[in-house]
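In this note's numbering, the protein residues as written are 116 to 343.
Input: a single structure, listed below in structure tokens.
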Amino acid sequence: MTNGNLRKIAAFDFDGTIIKGSSPVRLVNHLLRKGMISPVVCLRLLKWGAAYKLHLPQTEAHARSLVFTAFEGREKDWVDRFLKDFYVECIEGAGYIRPAAVSCMERLVAEGYDVVVVSATFGPIVEKAMETLPFSHSICTEMAVDEHGCYTTVVDGDCIEGAAKVASLINYFDQLYGPGNWVLDQAYGDHYSDQDILCFAQRGFAVSPSYFMGRLARLKHWEILDWD
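Shown next as structure tokens:
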């Protein structure tokens with residue numbers, strides 16, 4: 116394809132970008148209220164969260180595994196419905212979707228972009244969001260299922276964070292459109308861990324960024340958007 120015929124992609128982070136705050140944090144609170152997750156696991160997640168905010172070495176996969184101790188051994192279909200209901204009740208219904216994010220995605224779709232959510236959060240949550248929000252592709256963290264069709268606490272493949280966001284995006288759209296037939300024109304993220312995908316994009320946008328992300332955005336000359 117000539118450069119003018121490339122499929123234009125716009126990638127959005129989910130937590131802290133399309134929605135205010137973190138869906139896994141809200142999920143843990145939801146599970147705790149329902150008595151489905153132990154206080155010990157919550158304490159371990161708090162320690163992980165503190166390290167995450169300070170940019171200390173840690174992995175998203177570890178946190179996802181801890182959260183899924185609540186679902187270990189449960190049937191995939193049941194858990195997926197639970198996660199989708201959680202999205203409707205605790206994110207959409209609680210008013211955490213940013214109207215500015217929705218408007219931005221609607222504009223990009225009208226301009227002919229493929230809009231994709233690339234996120235470390237759990238796939239069924241974003242799959243439910245895709246029913247009502249203006250994006251048509253999602254690349255998210257998925258959890259492994261055992262031979263009985265029940266969830267484990269193991270991440271299936273890569274956790275979609277950092278450099279894995281770029282690698283998974285390339286793999287997804289290379290399979291969909293073919294190598295060289297698309298370009299990541301725009302990328303939107305709020306956290307320092309989104310830097311890889313913003314660097315890969317033609318244009319990067321820092322959405323209501325954290326302190327470190329704000330500093331990086333000014334250094335990289337990414338546009339800073341206040342969606343709060």
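Beta carbons are placed, not taken as given, at the ideal position from N, Cα and C, and that holds for glycine.
| Query | Result |
| --- | --- |
| Beta carbon of Ala215 nearer than 7 angstroms to that of Cys274 | no |
| Bridge partners - Val231, DSSP secondary structure assignment | Ala126 and His252 |
| Delimiting residues of the beta strand (DSSP E) encompassing Phe315 | Taken as a continuous stretch (DSSP letters only), Phe315 belongs to no beta strand (DSSP E), being part of the alpha helix (DSSP H) at Gln310 to Phe315. |
| Minimum C-alpha distance to Phe197 - residue among Ser218, Val322, Val230 and Gly238 | Gly238 |
| Beta-carbon proximity of Leu158 to Val143, cut-off 7 angstroms | no |
| Through-space distance from Cys255 to Glu175, alpha-carbon basis | 12 angstroms |
| Exposure of Thr247, with buried meaning 16 or more beta-carbon neighbours within 10 Å | exposed |
| Tyr307 vs Phe127 beta-carbon contact at 7 angstroms | no |
| Meets three-Cβ-pair contact criterion under 8 angstroms: the segment 282-292 and the segment 258-269 | no |
| Inter-residue CB distance, Leu331 and Gln310 (contact presumed, cutoff 8 angstroms) | 6 angstroms |
| Three-way DSSP call (helix, strand, coil) for Pro186 in this model | A small fix is needed here, since residue 186 is Phe in this sequence, not Pro. The answer is coil: DSSP assigns Phe186 none of H, G, I, E or B. |
| Where the alpha helix (DSSP H) containing Glu242 begins and where it ends | Gly238 to Ala244 |
| Host alpha helix (DSSP H) of Trp193 (start-end) | Lys191 to Phe201 |
| Nonlocal neighbours in the same chain, by C-beta distance under 8 angstroms from Ala278, ignoring five residues either side | Asp311 |
| Close Cβ partners of Glu338 (< 6 angstroms) along its chain, the five nearest in sequence each way excluded | Phe320 |
| Boundaries (first-last residue) of the alpha helix (DSSP H) holding Ala216 | Pro214 to Ala225 |
| Reduced DSSP category for Asp289 - H, G, I as helix; E, B as strand; rest coil | helix |
| Host alpha helix (DSSP H) of Gly329 (start-end) | Tyr326 to Lys335 |
| Counted within 10 angstroms of its Cβ, other Cβ atoms place Lys135 as buried (16 or more) or exposed | buried |
| Nearest candidate by alpha-carbon position, reference Glu190, set Val260, Leu340, Lys335 and Gln317 | Val260 |
| Beta-carbon spacing of Leu146, Ala185 below 7 angstroms | yes |
| 6 angstroms CB neighbourhood of Tyr228 in its chain, flanking five on each side removed | Lys123 and Ala125 |
| Met245 versus Cys205 - alpha carbon distance | 16 angstroms |
| Cut-off 6 angstroms between Cβ atoms - residues of its own chain near Tyr211, not counting five sequence neighbours on either side | Ile134 and Lys135 |
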